[in-house]
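Structure record follows, encoded as structure tokens.
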Amino acid sequence: MKRMPGKVALVTGAASEQGLGYAIAATLAEQGANVVVTDIDYARLEKSASGIGEPDQVAHIRQDVGDQTDWDAALALTLDRFGRLDVLVNNAGISQMRPMDVVQEDEFDRVIRINLKSVFLGSRMAMAQMRRQGSGGSIINMSSVAGIVGFVGTPAYTASKGGVRMMSKTIALEGAADGIRCNSLHPGVMWTEMQQVTIDSSPGTFEATRDLIPMRKLGTAQDIANAALFLASDESQYVTGTEIIVDGGLTAQ
Ligand SMILES: NC(=O)c1ccc[n+]([C@@H]2O[C@H](COP(=O)([O-])OP(=O)(O)OC[C@H]3O[C@@H](n4cnc5c(N)ncnc54)[C@H](O)[C@@H]3O)[C@@H](O)[C@H]2O)c1
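Residues 0 to 252 in numbering that gives the first Met the number 0 are what the sequence shown spells out, letter by letter.
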């Protein structure tokens with residue numbers, strides 16, 4: 000039996016076939032959901048969207064998640080194609096290795112806009128739509144282990160991901176009476192392009208990173224997709240305002 004029959008999900012940042020957004024969208028579609036995928040990189044999204052589900056199950060649109068007009072367009076497409084919105088996965092994000100003594104104000108603002116303001120805009124829109132529908136919904140916000148503990152060199156990223164974690168709890172409280180659930184997901188070190196860039200930055204980074212993880216291996220995009228599927232489906236109907244950490248034990252130490 001499929002776990003997402005009849006549900007409609009919107010997943011941001013899904014253009015990279017190696018990325019978390021793509022794995023989440025593909026997994027939700029496999030489990031019977033209709034899915035709208037978005038990304039700022041339209042050329043890439045157009046190609047990758049064709050690998051998700053059946054053609055009539057998937058729609059795609061270019062979206063800058065920091066832009067309200069683009070959110071309006073993404074919702075309009077979702078309603079036009081599938082008539083409703085049950086699940087929003089705020090996944091799009093960027094990383095930044097710029098320690099406190101070098102990071103510039105505009106660089107800090109950029110991370111906050113793409114990683115945090117985006118979650119505000121998307122969640123606000125989804126809550127309003129879910130309230131109009133009257134049957135609740137699930138909002139899943141991509142945070143990070145960097146939203147749980149600090150990391151040297153990433154003040155803007157940790158600020159954005161910590162903000163996502165706490166805003167998710169507020170959204171959960173405000174949405175609870177209407178059956179709108181909201182939870183944050185906290186990946187550790189997963190094999191995606193975002194991580195590849197960090198790992199390729201200097202020799203020995205891969206080994207040093209791996210050795211910090213109690214399970215002594217990086218996670219996969221599918222590990223995150225499996226957790227997202229649980230939060231998206233009715234199996235988690237009593238789960239709201241909490242976080243799921245998927246990190247091989249990294250933050251348990
Ligand atoms: N990979 C990891 O180890 C890891 C760990 C913790 C958290 N995360 C978080 O998971 C999410 C996905 O990460 P990933 O590793 O799949 O990254 P990725 O770089 O592979 O994918 C991110 C996608 O977001 C898109 N994007 C960037 N800016 C955008 C914008 N303004 N509007 C719309 N789309 C935009 C990119 O084009 C890209 O396709 C991010 O929020 C990231 O912070 C990842």
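Cβ atoms here follow ideal geometry from the backbone N, Cα and C, with glycine treated the same way.
From a predicted model like this one, the values you see are computed outputs, not experimental measurements.
Secondary structure remark: continuous beta strand (DSSP E) runs of at least 3 residues inside the region 39-75, in chain order: 57-61. The alpha carbon of Pro98 has as its nearest neighbour, out of Ala158, Leu249, Gly18, Ala176, the alpha carbon of Ala158.
Check the Cα spacing between Ser122 and each of Thr153, Glu53, Ala58, Val86: the tightest is with Val86.
Taking 8 Å as the cut-off, the beta carbon of Ile179 is found no closer than this to the beta carbon of Gly133. When rounded, the separation of the alpha-carbon atoms in Val118 and Met189 is 21 Å. In this structure Asn90 is in contact with Val10, their Cβ atoms being roughly 6 Å apart against a cut-off of 8 Å. Counted as a single uninterrupted DSSP element, the beta strand (DSSP E) harbouring Ser137 occupies residues 136-141. In summary, Tyr237 is exposed, with fewer than 16 beta-carbon neighbours lying within 10 Å of its beta-carbon over all protein chains present. Inclusion of Gly187 and Val144 in the CB contact set at 8 Å is warranted, their separation being smaller than that value. Arg61 is the residue among Ala32, Asn33, Arg61 whose C-alpha sits nearest the C-alpha of Lys46. Take Val196, set aside five residues on each side of it, and the residues of its chain with a beta-carbon closer than 8 Å to its own are Ser94, in chain order. Below 8 Å, too few C-beta pairs join the region 204-215 and the region 29-47 to call them touching: fewer than three.
The C-alpha of Ile243 is placed about 19 Å away from the C-alpha of Tyr156. Between the alpha carbons of Arg80 and Gly20 lies a gap of roughly 20 Å. Taking all protein chains shown into account, Gly248 has fewer than 16 neighbouring C-beta atoms within 10 Å of its C-beta and is therefore exposed. The three-state reading of DSSP puts Leu84 in coil, since its state is none of H, G, I, E or B.
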